[in-house]
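First comes the structure, then the notes that go with it.
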Ligand code: HEC
């Protein structure tokens with residue numbers, strides 16, 4: 001199940017891209033704005049300078065209390081680049097991405113911090129619709145895999161707002177907010193509205209921001225050469241995370257389309 005797939009396979013298969021719609025929508029806005037302002041936001045890659053992962057994570061931790069998980073990951077990178085580089089980051093509307101909170105408006109779907117990281121990678125490197133821009137997608141996909149298998153949270157902020165002495169760590173085995181937060185609340189005993197749970201999610205967002213900047217720095221140096229760690233449509237014929245049995249138990253359903261090889 002954990003066998004990696006090649007970039008070529010991934011590129012030929014990567015037609016189902018929820019994020020593409022979102023980024024595509026933004027690109028259209030930018031293209032319209034381009035007529036009046038001299039932006040180059042619809043040309044990729046966007047200008048990037050290497051950022052410090054520790055500083056970025058600390059910014060993400062602090063700003064979580066205003067923008068929550070998805071918004072803060074975007075803010076932690078784009079706010080620094082707005083200061084160091086300028087456009088298109090200065091004009092990028094970060095605050096609307098507060099909608100990613102709680103797995104999108106509290107529905108517990110994809111954890112907002114990985115969603116935010118995917119937006120950042122795709123904006124800077126470029127969307128899959130552009131030739132040669134596949135690294136943004138690969139970084140986002142591998143981030144989902146890494147998030148699912150990591151004993152979170154990793155990042156320890158300078159002045160934690162809660163969990164000051166110790167914090168419970170959990171491996172979510174899923175990028176879903178519901179499962180990630182649920183497992184942590186179960187292990188720690190803290191409810192959703194507690195300062196401890198908020199601090200935990202702020203630290204998770206900061207951990208994701210840290211990892212994202214490490215990956216972007218590698219990509220910027222030309223040293224990002226990874227394949228996709230998990231791509232379900234190719235492997236099992238349905239979009240999915242990797243651990244089918246966790247939800248389906250022993251009887252994992254087969255998708256209707258016959259698969260040549262499993
Ligand atoms: C996070 C929980 C979860 C995970 C993980 C998961 N599924 Fe599902 N899956 C569901 C739910 C819920 C449904 C809808 C109800 C149903 O049919 O069981 C579903 C539906 C399906 C369906 C279509 C419905 C059917 O019965 O044919 C298939 C096929 C399927 N899953 C296969 C998989 C495979 C293969 C994996 C692993 C690669 C997987 N699922 C991982 C929760 C999950």
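Numbering (the numbering used here), first residue to last: 1 to 262.
For every residue, glycine included, the Cβ atom is placed at its ideal position computed from N, Cα and C.
Suppose the cutoff is 7 Å on Cβ atoms and the five residues either side in sequence are ignored; what does the same chain contact list for residue i look like?
i, result
"residue 160", "199"
"residue 126", "44, 45, 133, 136"
"residue 183", "170, 172"
"residue 18", "Any answer about residue 18 is weak, because its pLDDT of 42 lies below 50 and its placement is not dependable; what the coordinates show is given next. So the list is empty, once near-sequence residues are dropped."
"residue 92", "78"
"residue 101", "68, 69, 70, 112"
Apply the 10 Å Cβ neighbour rule to residue i and answer buried if 16 or more other Cβ atoms are within range, or exposed otherwise.
i, result
"residue 166", "exposed"
"residue 112", "buried"
"residue 115", "buried"
"residue 142", "buried"
"residue 65", "exposed"
"residue 151", "exposed"
"residue 246", "exposed"
"residue 267", "The structure shown does not extend to residue 267, since the chain is modelled only from 1 through 262, so no value can be given for it."
"residue 71", "buried"
"residue 163", "buried"
"residue 107", "exposed"
"residue 250", "exposed"
"residue 195", "exposed"
"residue 2", "The predicted model places residue 2 with a pLDDT of 45, which falls under 50 and marks its position as unreliable; any figure quoted below should be read in that light. Burial call: exposed."
For residue i, is the beta carbon positioned less than 7 Å from some heavy atom of the ligand HEC?
i, result
"residue 242", "yes"
"residue 181", "no"
"residue 232", "yes"
"residue 226", "no"
"residue 238", "yes"
"residue 248", "yes"
"residue 265", "Limits of the chain in this structure are 1 at one end and 262 at the other, which puts residue 265 out of reach."
"residue 40", "no"
"residue 176", "yes"
"residue 253", "yes"
Can you tell me where the alpha helix (DSSP H) with residue i in it begins and where it stops?
i, result
"residue 235", "232 to 236"
"residue 245", "244 to 248"
"residue 72", "53 to 84"
"residue 208", "195 to 220"
"residue 119", "112 to 125"
"residue 137", "134 to 149"
"residue 90", "Where residue 90 is concerned, there is no enclosing alpha helix (DSSP H), given that its DSSP letter is neither H nor E."
"residue 181", "177 to 188"
Grab me the residues of residue i's own chain with a C-beta within less than 8 Å of its C-beta, minus the 5 sequence neighbours each way, in chain order.
i, result
"residue 109", "103, 176, 177, 178"
"residue 105", "99"
"residue 58", "157, 158, 206"
Under 6 Å Cβ to Cβ from residue i, same chain only, skipping five residues before and after it: list those, please.
i, result
"residue 145", "229, 230"
"residue 168", "187, 188"
"residue 215", "139"
"residue 243", "173"
"residue 219", "135"
Within 8 Å (strictly less), CB to CB, does residue i reach chain C?
i, result
"residue 62", "Here chain C cannot be found, since the structure has a single protein chain."
Please confirm if the stretch 168 to 177 is in contact with the stretch 208 to 226, defined as three or more CB-CB distances below 8 Å between the two stretches.
Segments in contact, no.
Spell out a yes or no on whether the stretch 151 to 158 and the stretch 71 to 85 are touching, meaning 3 or more CB-CB pairs, one atom from each, closer than 8 Å.
no
Inter-stretch contact at 8 Å, needing at least 3 Cβ pairs: the stretch 120 to 139 / the stretch 51 to 63
Two segments are said to touch when three or more pairs of C-beta atoms, one from each, lie closer than 8 Å; by this definition the stretch 120 to 139 does not touch the stretch 51 to 63.
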